[in-house]
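Take the sequence shown: its position 21, counted from the start at 1, is 88 in the working numbering, and no numbers get skipped. The C-beta atom is built at its ideal place from N, Cα and C for all residues, glycine as well. What follows is a single structure, written as structure tokens, with notes after it.
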Amino acid sequence: MRRAALLVTVLVFLLAAAPPPSFLDQAEALYTGTQGRIDLQQAHALYEKAAAGGDPLAILRIAIHRHLGKCGYAKDPARAAAQARPVMAAVLQRAQAGDARAQTFLGTALLVGVGAEARPEAALPWLQKAAGAGEVWALHNLAWMTDTGLAGPADPAKAAALYRRGADAGNAASMYDLGTALMLGDGVKKDAAEGQRWLAESARRGHPMAMRYLANLLAAGELLPKDTREALRLYEEAILLGDRQANDDRGEAIDEGWIPPAQAEVSLNRLLHAAQGGNLEAMAAAGADLVDGRGTESKPVEGIAWLRKAATGGSVIGQRMLGWALYHGLGVSKDRVQAIDWWRKSAAAGDVPSLHHLGRGLLETGAPGAGREAIGDLEAAAKGGFTEAAMLLADMYDRGYWGVAKDPRQARAWYELAAQQGNTEAKGWLRFQGASRE
68 MRRAALLVTV LVFLLAAAPP PSFLDQAEAL YTGTQGRIDL QQAHALYEKA AAGGDPLAIL
128 RIAIHRHLGK CGYAKDPARA AAQARPVMAA VLQRAQAGDA RAQTFLGTAL LVGVGAEARP
188 EAALPWLQKA AGAGEVWALH NLAWMTDTGL AGPADPAKAA ALYRRGADAG NAASMYDLGT
248 ALMLGDGVKK DAAEGQRWLA ESARRGHPMA MRYLANLLAA GELLPKDTRE ALRLYEEAIL
308 LGDRQANDDR GEAIDEGWIP PAQAEVSLNR LLHAAQGGNL EAMAAAGADL VDGRGTESKP
368 VEGIAWLRKA ATGGSVIGQR MLGWALYHGL GVSKDRVQAI DWWRKSAAAG DVPSLHHLGR
428 GLLETGAPGA GREAIGDLEA AAKGGFTEAA MLLADMYDRG YWGVAKDPRQ ARAWYELAAQ
488 QGNTEAKGWL RFQGASRE
């Protein structure tokens, strides 16, 4: 008894002596989900508190978020660079002294190019050191570099092993990437059951991409048994968390007929309830449904009202969709000038489809002197993965229109990018061109 009491006393003393987690520690746990659930709003507030106390690591972390437009920070690379510049020396000093978190943030800043060109080769050794110490975000970034060939020849098996280490440590993003690798057999033996478990755990912890990916699989009945009710639940949760692609994917699943009309109606009613409660993303999704007649008969006036409320409130999806409605006159008088203004707002927030819509809109309307801006927007959209933009650029350079001179080399480059993104038309063009040269 006396020995047990002594052990309890020692344990209580050790727990009391342990320093409480810092604001930065708490913010990172909420950002990654390692403590159970992602909470970006609370993480944002804690990052700000840590930075207000002068913590150079917190200041650099905020700069990284701002450079990428993550964690509630508007995308602003110029401001991010100005914020990072004064603390880089202090962060470097800590990294050199062996601080794993400093190594993680320094490596990440170099990887994404905060204040300078991205330098993956300079980022790699810092991320390797931090990953060796078990830093979960270093493990994730190193896995991504390994998977994409930025850490040497692409090695999916090694990447999957790194994702697993991060997932085991509780990082919801690593759980998502490991889950997708298992579903596809990318670097690991294909195992849909284990993949679903990791995706479900990532989704449970609040990772919107995991919610959306799992919803897509369940809606289509691909790789997993079809479950449209669970798919809609996951789509809606991702939408309410601000995942832009979830809105589009849910709409496509309904339009393709994967979701029964009665379930689509129930989903719309849930989104309307959330919209009435003030959620901007629910306003955007419900507004689009009402305009398009998704889950209901078309109610364009009501739909446009919700889209306008979402857009003016700052919803990027609301801005993009309102721009689309105005440009095409869907439920509202056609006004291409206003549409382009809304697309400028959503494109400035980093919305890739909006970059395409803006670029194309500027070219179609013949706005004076807008050609260079339009081409830049289309190029950014294409490089951001929006294949329609790559195909449009390829066709413009192939045939020469909208003020663009014919340029076979440029045309081929954009067709190649579209082909890499999976576009069958681009692949056919490239095959035809190869046969023609032979």
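- Following the DSSP letters along the chain, one finds His424 inside the alpha helix (DSSP H) bounded by residues 419-432.
- Between the alpha carbons of Trp211 and Ala226 lies a distance of about 7 Å.
- In this structure, the beta-carbon distance from Val255 to Thr99 does not fall below 8 Å.
- Within the same chain, Val154, Ala157, Val158 come within 6 Å of Pro123 by CB-CB distance, once the 5 residues on both sides are set aside.
- Secondary structure at Gly219: strand, using DSSP grouped into helix, strand and coil.
- Annotated three-state conformation of Arg466 is helix, per DSSP.
- Taken through DSSP and simplified to helix, strand or coil, Ser89 comes out as coil.
- DSSP places Ile326 in the coil class of the three-state scheme, outside both helix and strand.
- Taking 8 Å as the cut-off, the Cβ atoms of Gln170 and Gly139 do not count as close.
- When the beta-carbon positions are compared, Gly174 and Ala205 come within less than 8 Å of each other.
- Residue environment: Phe499 is assigned as exposed (fewer than 16 neighbouring CB atoms within 10 Å of its CB, all protein chains considered).
- As for any alpha helix (DSSP H) of minimum length 4 sitting wholly inside the stretch 282-317, the runs are 295-307, ordered along the chain.
- For Glu364, there is no enclosing alpha helix (DSSP H), as DSSP marks it with neither H nor E.
- Leu290 is not a Cβ neighbour of Leu281, given a cutoff of 8 Å.
- Scanning its chain for C-beta atoms nearer than 6 Å, with the 5 sequence neighbours on each side dropped, one finds around Met242 the residues Ala234, Trp265, Glu268, Ser269, in chain order.
- Under the Cβ criterion (8 Å, minimum of three pairs), the stretch 373-393 counts as touching the stretch 406-426.
- The DSSP-derived three-state label of Gln488 is coil.
- Contiguous beta strand (DSSP E) elements confined to the stretch 224-253 do not occur, taking only those with 3 or more residues.
- Thr175: member of the alpha helix (DSSP H) spanning 167-179, first to last residue.
- The three-state secondary structure of Tyr98, taken from DSSP, is helix.
- Taking C-alpha positions only, Met388 is separated from Gln343 by approximately 19 Å.
- Take the alpha-carbon of Ala352 and the one of Pro192: they are about 43 Å apart.
- DSSP places Asp444 within a helical segment (H, G or I) once states are collapsed to three.
- Its chain contains Ala286, Ile326 as the residues whose beta carbon lies nearer than 6 Å to that of Ala320, once the 5 sequence neighbours on both sides are disregarded; these appear in chain order.
- Residue Leu299 holds the alpha-carbon nearest to the alpha-carbon of Ala329 among Gln93, Gly489, Tyr468, Leu299.
- Annotation for Tyr140: no alpha helix (DSSP H) segment contains it, and DSSP assigns it neither H nor E.
- Closest option to Phe172, judged by alpha-carbon separation, among Ile129, Leu113, Gly452, Pro475: Ile129.
- Taking 8 Å as the cut-off, the beta carbon of Ala305 is found closer than this to the beta carbon of Arg279.
- No residue range can be given for Gly201, since it is assigned to no alpha helix (DSSP H) and is classified by DSSP as neither H nor E.
- Leaving aside the five residues that flank Val419 on each side, the residues in its chain whose CB is nearer than 6 Å to its CB run, in chain order, Ala448, Gly451, Phe453.
- With a contact defined as Cβ atoms closer than 8 Å, Ala457 and Gln488 qualify at about 7 Å.
- One Cα belongs to Ala176, the other to Val399, and the distance between them is close to 44 Å.
- Contact annotation, Ala349 with Val383: C-beta distance approximately 14 Å; criterion of less than 8 Å not satisfied.
- Exclusion of the five residues before and after Asp465 leaves Ala478 as the residues of its chain whose Cβ lies within less than 6 Å of its Cβ.
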